[in-house]
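Novice: Taken in order, the sequence shown gives residues 2 to 198; the numbers are from the numbering used here.
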Amino acid sequence: KHAYSGPCFIYNEDLAAVKDSMTGRYYDGLPFYEPIKDCMGRPLDVKGSEYPFHIITYHPVYHAQARTAASSWLMGVTPEETIQVNAGDAGRLGVKHGDLVHVYSASNKEGVRGKAWVTEGMRPGIVCIPHSLGHWQYGSRSFDVDGQKSAAASWIGRGCSANPVMQLDPHLKDVCLQDPIGGSASFYDSRVAIEKM
Numbered sequence: 002k003h004a005y006s007g008p009c010f011i012y013n014e015d016l017a018a019v020k021d022s023m024t025g026r027y028y029d030g031l032p033f034y035e036p037i038k039d040c041m042g043r044p045l046d047v048k049g050s051e052y053p054f055h056i057i058t059y060h061p062v063y064h065a066q067a068r069t070a071a072s073s074w075l076m077g078v079t080p081e082e083t084i085q086v087n088a089g090d091a092g093r094l095g096v097k098h099g100d101l102v103h104v105y106s107a108s109n110k111e112g113v114r115g116k117a118w119v120t121e122g123m124r125p126g127i128v129c130i131p132h133s134l135g136h137w138q139y140g141s142r143s144f145d146v147d148g149q150k151s152a153a154a155s156w157i158g159r160g161c162s163a164n165p166v167m168q169l170d171p172h173l174k175d176v177c178l179q180d181p182i183g184g185s186a187s188f189y190d191s192r193v194a195i196e197k198m
């Protein structure tokens with residue numbers, strides 16, 4: 002009834018004609034799996050018991066990107082932000098629903114803090130912080146403009162963000178790992194630790 006009738010390309014000629022701006026090598030036009038790499042194409046060691054959890058994120062249905070935190074109405078209907086953790090993992094860590102937890106990574110030992118949401122609805126080994134919240138700028142704090150303090154809306158900074166604990170690219174050192182073709186942040190390749198506070 003709904004058969005696909007268009008071409009299905011296995012090889013992307015346009016992509017194969019483009020050089021990676023960091024390595025100078027042409028991209029491969031074929032789909033394939035690659036391990037996690039830095040911007041220079043060097044594989045990264047992502048194993049280790051010091052940071053046993055993968056951190057992931059998603060956009061709540063009532064927010065889009067990170068810009069909607071400036072809407073007082075949306076923030077008013079947003080439930081309290083949490084750090085989501087698998088129930089089995091939480092039990093091993095001594096973390097109960099509502100406990101304050103600390104999530105940190107090799108790139109940011111200070112990490113982020115928030116209340117634990119303990120759930121069976123998540124795979125073991127995963128920590129999840131919903132995206133859109135936890136702004137540390139964007140009008141959430143006052144700052145000086147020509148000697149005058151700007152207005153601040155502290156509710157814009159409510160919650161926490163996964164961004165500060167994402168793994169930094171070891172070559173660039175000041176940005177997180179990125180998709181080399183699309184340029185977007187690699188939101189699912191960072192490893193973290195979580196502990197009860």
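Yeah, the Cβ is synthetic: ideal placement off N, Cα and C, and Gly gets one too. Treat the numbers as computed from the prediction; the structure is a model and nothing was measured.
(1) Measure the alpha-carbon distance for His200 versus Tyr189 and round it to whole angstroms.
(2) Leu16: buried (16+ other C-beta within 10 angstroms of its C-beta) or exposed?
(3) Only counting the same chain, and skipping five residues up and downstream in sequence, which positions put a Cβ closer than 6 Å to that of Pro165?
(4) With three or more beta-carbon pairs closer than 8 Å as the criterion, would you say the segment 116 to 129 touches the segment 86 to 102?
(5) Output the boundary residues of the beta strand (DSSP E) element that contains Asn194.
(6) What first and last residue would you give for the beta strand (DSSP E) that runs through Arg114?
(7) For Pro36 and Val19, what's the separation of their Cα atoms in angstroms?
(8) What is the DSSP secondary structure of Pro44, counted as helix, strand or coil?
Specialist: If we stick to the structure as given:
(1) Not covered by the structure: residue 200. The range shown for the chain is 2 to 198.
(2) Its Cβ having fewer than 16 others within 10 Å, Leu16 is exposed.
(3) Taken in chain order, the residues that qualify are Asn109, Val113.
(4) Three or more pairs of CB atoms, one per stretch, sit closer than 8 Å, so the segment 116 to 129 contacts the segment 86 to 102.
(5) For the record, residue 194 in the displayed sequence is Ala; it is not Asn. According to the DSSP assignment, Ala194 belongs to the beta strand (DSSP E) that extends over 192 to 197.
(6) Element bounds for Arg114: 113 to 120.
(7) Computed Cα separation, rounded: 21 Å.
(8) Under the three-state reduction of DSSP, Pro44 is assigned to strand.
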